[in-house]
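Trainee: Under mature numbering (1 follows the signal peptide of the UniProt record, and there is no 0), read the sequence shown as residues -21 to -1, 1 to 171, first letter to last.
The beta carbon of each residue, even a glycine, is placed where N, CA and C say it ideally should be.
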Amino acid sequence: MRLCRPALAAAFVVLASPCFAESSRPIPVNNQPAQQTAFIDLLALMSGHCKTLKVAGRTLACKTVAYAHGDTGRVNFAVAVDDPTDANHVVSFSGENGKRADDNSYELPIDRMLLNSKDRPKVDGLPVPAEQTSTGICRQTGNFAARKVTDVTCSATDSEGRKYELLFVSDGTPVSVRRIRQSSPSIQDPFK
C-alpha cells in the first residue's frame, strides 16, 4: 500500500500537468511582420548583374534577383546582396496589384521594403526580415512565359525617408521559372 500512494500521486501529476500548462507565447521580434499565411506559388530566378543597388544611401553589389509571387497576390523582387560577411543579406521590394501594360512590361507598386540580414531575429532557424512601410515602383521589361527578362528597375522611399534603388540587367540567360503550386493570377492584365 505504501508504494501505491507515491505511484498514484506521480500518475496524477503526470496526467494533470497539461491542464495547468500555459500556451507558448511568440518570441518578440523588433519590427515584426504581419502573420504570414501566404505561400510562394511562382518563383523566377534571373541571371545578370546589378548596375545599381542602393539601400538607405549605401551602394551595394548583388548576386541575383528573384521574383516571388505569393498565393495571396503579394509579390517580392528579392535581391541577394553580395556581402561576404553575411550570407543572409537580402533586400526585397514588396507590393501588390501589379499591372502589365503589354506582353513585355510589368509594373509593381511598392508598399514595403523587407530587409534581411544575419543579425535579424530567427524563427524556425531563418532570419525574419524587418519590414519598412514604403512607397515606390518596380518595372520589369520582359516576360516570364517567354523566359526572357531584359531588366528590372525599382525605386522606393521608406517611411523614415531612406531611399532604395535597383537597376538589374539580365545577361541573356533564360529565366528559371518554377510554378510551386497552382493559384489564381493576381496580375491586372488589360488584354484579357
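1. Return yes when the Cβ of asparagine 55 is within less than 7 Å of the Cβ of asparagine 95, no when it is not.
2. Extract the residue ranges of the beta strand (DSSP E) inside the stretch 44 to 68, only unbroken runs of 3 or more that lie entirely within it.
3. So, with DSSP's three-state summary, where would you put valine 107?
4. Would the stretch 28 to 40 count as touching the stretch 140 to 154 if we require 3 or more Cβ pairs under 8 Å?
5. Would you kindly report the start and end of the unbroken beta strand (DSSP E) that includes phenylalanine 147?
6. I believe phenylalanine 72 touches glycine 115 by the beta-carbon criterion, under 8 Å. Please report the beta-carbon distance rounded to the nearest angstrom.
7. Tell me the rounded alpha-carbon separation between aspartate 98 and alanine 109.
8. Name the residue from Ser113, Val70, Tyr85 whose alpha carbon lies nearest to the alpha carbon of valine 107.
9. Report the residue from Asp137, Arg118, Arg53 whose alpha carbon sits nearest the alpha carbon of valine 128.
10. Going by CA-CA distance only, name the one from Asp90, Ala125, Asp130 that's closest to serine 138.
11. Is glutamate 86 helix, strand or coil by DSSP?
12. For aspartate 65, I'd like the list of residues in its chain whose CB is within less than 7 Å of its CB, leaving aside the five on either flank, ordered along the chain.
13. Please state whether DSSP places asparagine 122 in a helix, a strand or coil.
14. Take the Cβ of arginine 53 as the centre, count every other Cβ of all protein chains shown within 10 Å, and call the residue buried at 16 or more, exposed below.
15. Would you mind giving the Cβ-Cβ distance between aspartate 20 and arginine 158, rounded to the nearest angstrom? I have them listed as a contact below 8 Å.
Mentor: Taking the coordinates as given:
1. By 1-based counting over the sequence shown, the position of residue 95 is 116. By 1-based counting over the sequence shown, the position of residue 55 is 76. No; because the gap between Cβ atoms is not below 7 Å, this pair is not in contact.
2. 54 to 60
3. Translated into positions along the sequence shown, residue 107 becomes position 128. Coil.
4. yes
5. Counting from 1 along the sequence shown, the entry for residue 147 is found at position 168. Its beta strand (DSSP E) spans residues 142 to 149.
6. What you label residue 72 is simply residue 93 of the sequence shown in a count that begins at 1. What you label residue 115 is simply residue 136 of the sequence shown in a count that begins at 1. Sure, about 7 Å apart at Cβ, within 8 Å.
7. As a working mapping, residue 98 is identified with position 119 in the sequence shown. As a working mapping, residue 109 is identified with position 130 in the sequence shown. Near 11 Å, if we compare the C-alpha coordinates of alanine 109 and aspartate 98.
8. Indexing the sequence shown from 1 puts residue 107 at position 128. For valine 107, the nearest C-alpha among the options comes from Val70.
9. Looking up residue 128 in the sequence shown gives position 149. Answer by Cα proximity: Arg118.
10. For this step, residue 138 is matched to residue 159 along the sequence shown. Of Asp90, Ala125, Asp130, the residue nearest in Cα terms is Asp90.
11. Looking up residue 86 in the sequence shown gives position 107. Looking at glutamate 86 - three-state DSSP - the assignment turns out to be strand.
12. In the sequence shown, the residue the question calls residue 65 occupies position 86. The answer, listed in chain order, is Ser96, Lys97.
13. Here residue 122 corresponds to residue number 143 of the sequence shown, with the count starting at 1. If DSSP states are grouped into helix, strand and coil, asparagine 122 belongs with the strands.
14. The count along the sequence shown starts at 1 and reaches residue 53 at position 74. Under this definition arginine 53 is a buried residue.
15. The residue given as residue 20 occupies position 41 in the sequence shown. The residue given as residue 158 occupies position 179 in the sequence shown. Going by Cβ atoms, the distance from aspartate 20 to arginine 158 rounds to 7 Å, so yes, they are a contact pair.
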